[in-house]
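Those sequence lines, one after another, are chains A and B.
In my numbering, each number is its position in the first sequence, counted from 1, plus 36.
In my numbering, each number is its position in the second sequence, counted from 1, plus 15.
Ideal Cβ placement from N, Cα and C applies to all residues, glycine included.
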Amino acid sequence: MPFRFLPDVALADVAFEASGTSLEGLFEACALGLSDVMVDPRTVKAKEKRTLRISSEDTDRLLYDFLTELIIIKDVDSTLFKSYQVKLGKDSKSLVCVAAGEKIDRERHGLRNDAKAVTMHMFGIRHSGRAWNATIVLDI
Amino acid sequence: MKQISEVSWEIPPSFKPGMRVPARIYASKTLLESMDSGVFDQVTNVACLPGIVRCAYAMADAHWGYGFPIGGVAAFDTEKGVISPGGVGFDVNCGMRLIRTNLRVSEVQPRIRELVDLIYSLVPVGVGARSAQGFADSQIGDITSLGVRWCAEHDLAWDDDPEHVEEGGYIKGADITKVSREAIRRGINQFGTLGSGNHYLEIQVVDPERYLDPDLAKEFGIVHEDQVMVMIHCGSRGFGHQICTDYLRNFETGMRRFGIQVRDRDLACLPFSSKEGKDYYSAMVCAANYAFVNRQIIVNKVREAFERTFHKDAEALDMHLIYDVCHNIAKVERHSYDGSTMDLVVHRKGATRSFGPGHPDVPRPYRSVGQPVIIGGSMETGSYLLVGTQKAMEETFGSTAHGSGRTMSRTAAKRSVRGNELQKRMLQHGIYVKAATMDGLAEEAGMAYKDISQVVETMHRAGISKKVVALRPIGNIKG
């Protein structure tokens, strides 16, 4: 998995470190980590594809807004995703993401925690050589 | 760190550059030694914020949070001071509600499965839970302005429910035009839902072996040693979460304009008197009133479930609200400070208001004894009802602890126990649990929390809240 949970970072909440070999891969890894907090992705089918278009003032904010949008969709449309294909704009301040998933089914889905929000704690994209990393702390 | 009393400690402003006031920590020696280091770092960061008065406080249940510690209290001058979304938290007006019944445990225990299963079917819980309430978008302005008063006007509350809610059922100053479209979209379908994480709905019984002050308890309608109660812990759902998200983002930008620097991004704050500060306050109040309504709708379902299970009217079962308290909030309150009485912006993040006897904001039926303080414990260890004190008014701007406080992360708890094993163990201890997820259940195991009795004892000894009764769970719905 392109993310690992950090048991010692957020006592009452959930923290994970995501990584990718590209910036786009990192965005996808962060989204997969967020999905994994909310549902066992093995129980979600890719029945529906949705295209998200987001732009922000910088790349850090773009990641924050992207993850926040996934939380909004969970509440507004009761939809969870299991896979993501992210394409960043040239300036890395905008993205188009095709997310695949389906409406929440309480009988079939292995539901986990309801992520309330992405926090600013330790938030930020780090880059070293070909490795892109980010620590995400979710309020639960 | 200087010891002030048996259960209070102070870190002086010389500890860290920029501290404007001391940091005060309420803890027994044992609790102090087990507090994570983040608490000391965070409470001293709070002590650096502009316009803070007297002290930055950490209560006995304090643990690491974002910006502010959970269990944190800070009051700010309304003119020179700030307001901070991080000092309230994402779950605005997360809080506790306690309802009494006149049923004895011998009447409820044999039907606990039936009762808990019925409540579980009536109250949506867990990830993405949606409301059956069906409010229209056009109603949300009125609902979030008037809170439980709105419910009473629309047959969704009993006549005496609003006065048994902090601030009489709604906080003044809501303005829905300051709330984003996203927040309304997230919240409109979530009225009457419990959520997940540490949110729960619990059937409890008075636990005289742990603590009971019969005279004080009588003031709240608790007259039997085996009387059954219902406790609810939840907040403002996606509506409040989005409002905090939106304003944290705005505040970071705004701070640059006001030249405010903070030691942690989650401490983002702006002058309370600024337009941005006022806008956040108006939106945050909408979320606080949303949370009061959310808990009210859940109570209506609980009353219905008791009626259907015990074939009696909820009125005949004496299912009156004892009280409803916020524990994630910022409010303008009038307090004595520095020889005068003034309005202050009191932030309580994982802390409870604890107003003492005689205070005009304490509901009339309780005014001679003080405001009820509801301290929720882990689902294995039970909870407490306390009352506020005059000493809290003098020492902590009328504030005390809110719960037991975590000592173990969710990931570590899941590694230590499996949800289904915990469910069986709790059943052996006489607690029937219905959980939305087994992983989520394991994360809330009692071992992941401090000993609630130690937390409560500390606050009782400190004199900033006073024990009334201990409550032990017999049935639990975990979101």
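Please report how far the alpha carbon of B/Val54 lies from the alpha carbon of B/Arg35, in whole angstroms. Mapped onto the second sequence, residue 54 of chain B falls at position 39. Mapped onto the second sequence, residue 35 of chain B falls at position 20. Whole-angstrom Cα-Cα distance: 18 Å.
According to DSSP, is B/Gln242 helix, strand or coil? Residue mapping note: residue 242 of chain B aligns to position 227 of the second sequence, counting from 1. Reduced to three states, the DSSP call for B/Gln242 is strand.
Neighbouring residues, chain A, relative to B/Arg112 (Cβ below 8 Å): Stepping through the second sequence from its first residue, residue 112 of chain B is reached at position 97. Near B/Arg112 there are no residues of chain A at all, since even the closest Cβ is about 20 Å away, more than 8 Å.
Does the structure place the segment 372-387 of chain B close enough to the segment 317-325 of chain B that three or more beta carbon pairs sit under 8 Å? no
Select from B/Asp51, B/Pro65, B/Gly210 and B/His350 the residue whose C-alpha is nearest the C-alpha of B/Ser369. If you number the second sequence from 1, residue 369 of chain B lands on position 354. Residue B/His350 is the option with its Cα nearest to B/Ser369.
Check A/Val50 in the structure and name its three-state DSSP category. Walking along the first sequence from the start, residue 50 of chain A turns up at place 14. Here A/Val50 sits in strand by DSSP.
Strictly below 7 Å CB to CB, what residues from chain B border A/Val112? Mapped onto the first sequence, residue 112 of chain A falls at position 76. The answer, in chain order, is Arg200 and Arg201.
At least one CB of chain B closer than 9 Å to the CB of A/Gly146: is that the case? Numbered from 1 along the first sequence, position 110 holds the residue referred to as residue 146 of chain A. For A/Gly146, the answer is yes, since a Cβ of chain B falls inside 9 Å of its Cβ.
So with Cβ pairs under 9 Å, would you call A/Val50 a contact of chain B? Here residue 50 of chain A refers to the residue found at position 14 when the first sequence is read from its first residue. Judged by the 9 Å Cβ criterion, A/Val50 is in contact with chain B.
When you compare the CB positions of A/Leu103 and A/Leu124, do they come within less than 9 Å of one another, or not? Here the question's residue 103 of chain A lines up with position 67 in the first sequence. Here the question's residue 124 of chain A lines up with position 88 in the first sequence. No, these two residues do not count as a Cβ contact at 9 Å.
Interface residues of the segment 129-156 of chain A facing chain B [CB-CB below 7 Å]: Ile140, Leu147, Arg148, Asn149, Asp150, Lys152, Ala153, Thr155 and Met156
Between A/Asp111, A/Ile161 and A/Arg89, which has its C-alpha nearest A/Ser55's C-alpha? Residue mapping note: residue 55 of chain A aligns to position 19 of the first sequence, counting from 1. Of A/Asp111, A/Ile161 and A/Arg89, the residue nearest in Cα terms is A/Ile161.
Alpha carbons only, please: which of B/Thr452, B/Arg225, B/Gly86 and B/Gly354 is nearest the one belonging to B/Glu472? In the second sequence, residue 472 of chain B corresponds to position 457, counting from 1. Ranking the options by Cα distance to B/Glu472, first place goes to B/Arg225.
Which residues in chain B sit within 7 Å of A/Met74, going by Cβ to Cβ distance? Taking the first sequence and counting its residues from 1, one reaches residue 74 of chain A at position 38. Neighbours of A/Met74 on chain B, chain order: Val142.
B/Asn491 versus B/Asp132, B/Tyr305 and B/Ser146, residue with shortest Cα-Cα distance: Locating residue 491 of chain B in the second sequence gives position 476, counting from the first residue. The shortest C-alpha separation from B/Asn491 is found at B/Asp132.
Assuming the contact rule is C-beta atoms closer than 8 Å, B/Val68 and B/Phe91 should be a hit. Round their C-beta distance to whole Å, please. Indexing the second sequence from 1 puts residue 68 of chain B at position 53. Indexing the second sequence from 1 puts residue 91 of chain B at position 76. Right, the Cβ-Cβ distance comes to about 7 Å (below 8 Å), so this counts as a contact.
Within 9 Å (strictly less), CB to CB, does A/Val80 reach chain B? Counted from its first residue, the first sequence places residue 80 of chain A at position 44. Cβ-Cβ to chain B under 9 Å: no for A/Val80.
For the segment 88-141 of chain B, list the alpha helix (DSSP H) runs that are entirely contained and at least 4 residues long, ordered along the chain. 120-123 and 127-137
Going by other Cβ atoms of all chains shown within 10 Å of its Cβ, with 16 needed for buried, is B/Ser99 buried or exposed? Indexing the second sequence from 1 puts residue 99 of chain B at position 84. With 16 or more Cβ atoms within 10 Å of its Cβ, B/Ser99 is classed as buried.
Buried or exposed: which applies to A/Met74, given that a residue is buried once 16 or more other Cβ atoms fall within 10 Å of its Cβ? Translated into positions along the first sequence, residue 74 of chain A becomes position 38. Per the 10 Å Cβ criterion, buried.
Looking at C-alpha atoms only, which residue of A/His145, A/Glu84, A/Arg86 and A/Leu98 is the closest neighbour of A/Cys66? Position 30 of the first sequence, counted from the first residue, corresponds to residue 66 of chain A. For the residues A/His145, A/Glu84, A/Arg86 and A/Leu98, the minimum Cα distance to A/Cys66 belongs to A/Leu98.
What does B/Gln205 reach in chain A if we use C-beta pairs closer than 8 Å? Position 190 of the second sequence holds residue 205 of chain B. In chain order: Asp111.
Helix, strand or coil at B/His179 according to DSSP, with G and I counted as helix: Indexing the second sequence from 1 puts residue 179 of chain B at position 164. Three-state DSSP puts B/His179 in a helix.
Run through chain A and tell me which residues come within less than 8 Å of B/Gly434, C-beta to C-beta. Residue mapping note: residue 434 of chain B aligns to position 419 of the second sequence, counting from 1. In chain order: nothing, as chain A lies at least about 11 Å away.
Beta carbons nearer than 8 Å to chain C: which residues of the segment 403-430 of chain B have them? Protein chains A and B are contained in the structure displayed, whereas chain C is not.
Using a Cβ cut-off of 7 Å, pull out every chain B residue sitting near A/Thr104, in sequence order please. To locate residue 104 of chain A, count along the first sequence from 1; it is residue 68. Near A/Thr104 (Cβ distances below 7 Å), the residues of chain B are Thr260.
Write down every uninterrupted run of the beta strand (DSSP E) in the segment 420-477 of chain B whose length is 3 residues or greater and which is fully enclosed by it, in chain order. 447-450
I need the DSSP call for B/Cys301, collapsed to helix, strand or coil. Walking along the second sequence from the start, residue 301 of chain B turns up at place 286. Residue state, collapsed to three classes: helix.
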